[in-house]
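Note sheet for the following structure.
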Amino acid sequence: MSLEIPKVEDLIRKLFTIKGEEAFRGLALDVYRYQYRNNELYRRYAGLTASVPELVKDICDIPFLPISFFKTHNVQTTEFSPRVIFESSGTTGSQVSRHFVKDPSLYETSFLKAFEAFYGPATDYCFLALLPSYLERGSSSLVYMVKELMERSRHPLGGFFLYDLEELAARLAEVERTGQKTMLIGVTYALLDFAEQFPAALKNTIIMETGGMKGRQKELVRSEVHEALMHAFGVPSIHSEYGMTELLSQGYSQGGGRFYAPAWMRVLVREEDDPKSVVGPSEKPKTGAMNIIDLANLFSCAFIATEDLGTLHPDGGFEVLGRIDNSDVRGCSLLAV
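Throughout the sequence shown, residue numbering follows my numbering, covering 34 to 370 in sequence.
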């Protein structure tokens, strides 16, 4: 007996109004059935894992597409010409992930509603962004998000900075003097450079690191990065954003490195060598490779097996521990087209 395929209009209508775990699970299963029907690549991968809709009764039964497919295939649900294409960073000559976005308004709604859920309206803030490598790339989903937050904020002192750290320090001092709530969003290596050259006591500014060392400096664990930044700026905590090119939603940590996701996103974990050993929050923290359900990925794939290791806590919060060893070689060999 075939299952009814949900209408995309109904999925979009429910997406950002989810309340409660039961509603999330029901919508996730609907999205799975929709993507199984309308995404040939995903359907073929699901067939390899024997995860047909008739057998999928819970979100842990859903097949999670290896994230590496975004480097080797066009991951699209329905046929469309993308209005935006986001690309990941990469070393010279390396493959990059590409996320084909059918409807940018889904991304905008996702990051604006998530930001507001954790931090309140964007109009309350002045946004300063230290994202040099992302700006230079020109196709970054993070830059797209921060630009929109700045446009919503409309604060005259907000802006992006490449390598002019002295100007950033002057701008930050100016907004601090006025008592304006400010958010300094920066890639990790650039924030560390800024902290070393222009330390200052900040009282009205949230420091948010987005990750990213890329061999620019000696690799540091997140706790070391946060300790250095807290010491340089006199702030009680460092906030973090967990996002990636392949997702249209983000998780946030407001200190201590534990992230929480918006209502339409979930993190699960699996054993590294068993793609079907997926579990959600339990009574004790569980460590494993991270799987992500991002229902905003309605027109790509909402079910992603990442190459990150993490710990999932009973309350649904998660910590990111690092990358799986040799992760770049995983996944691509599972399906050839």
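For glycine and all other residues, C-beta sits at the position ideal for the given N, C-alpha and C.
Excluding the 5 residues flanking it on each side, Arg291 has same chain C-beta neighbours closer than 6 angstroms at Gly350 and Glu352, in chain order. Inclusion of Leu62 and Val89 in the CB contact set at 8 angstroms is warranted, their separation being smaller than that value. If you compare the alpha carbons of Met323, Glu316, Ser310 and Glu305 with that of Arg299, the shortest gap goes to Met323.
For Ala56, the enclosing alpha helix (DSSP H) starts and ends at Glu54 to Asn71. Here Met178 has Phe144 as same chain residues with Cβ atoms under 7 angstroms from its own Cβ, once five neighbours each way along the sequence are excluded. In the assembly as shown, His188 is a buried residue. Its beta-carbon has 16 or more other beta-carbons within 10 Å.
By the Cβ test, the segment 150-160 is in contact with the segment 182-202, since at least three Cβ pairs between them sit closer than 8 angstroms. Exclusion of the five residues before and after Val64 leaves Leu44, Leu328, Leu331 and Ala335 as the residues of its chain whose Cβ lies within less than 7 angstroms of its Cβ. Distance between Pro232 and Ser101, taken at the CA atoms: about 39 angstroms. Residue burial is scored here from C-beta neighbours: Val254 has fewer than 16 other C-beta atoms within 10 angstroms and is therefore classed as exposed. Under the three-state reduction of DSSP, Ala150 is assigned to helix. The C-alpha of Gly153 lies about 30 angstroms from the C-alpha of Glu229. In this structure, the alpha-carbon of Tyr69 lies about 11 angstroms from that of Glu87. The criterion of a C-beta distance shorter than 8 angstroms is satisfied by Leu301 and Gly313. Per the C-alpha coordinates, the member of Glu279, Ala294 and Glu207 positioned closest to Gln109 is Glu279.
Here Pro318 is near Leu345, since their CB atoms are less than 8 angstroms apart. For Asp341, there is no enclosing alpha helix (DSSP H); the enclosing beta strand (DSSP E) covers residues Phe336 to Leu345. For Glu181, the three-state secondary structure derived from DSSP is helix. In the three-state reduction of the DSSP assignment, Val117 falls in the strand class, which pools E and B. Distances from the CA of Leu281 to each of Lys135, Gly219 and Leu225 were compared; the closest alpha carbon is that of Lys135. Taken in chain order, the whole beta strand (DSSP E) runs of length 3 or more contained in the segment 193-276 are 215-219, 238-242 and 272-275.
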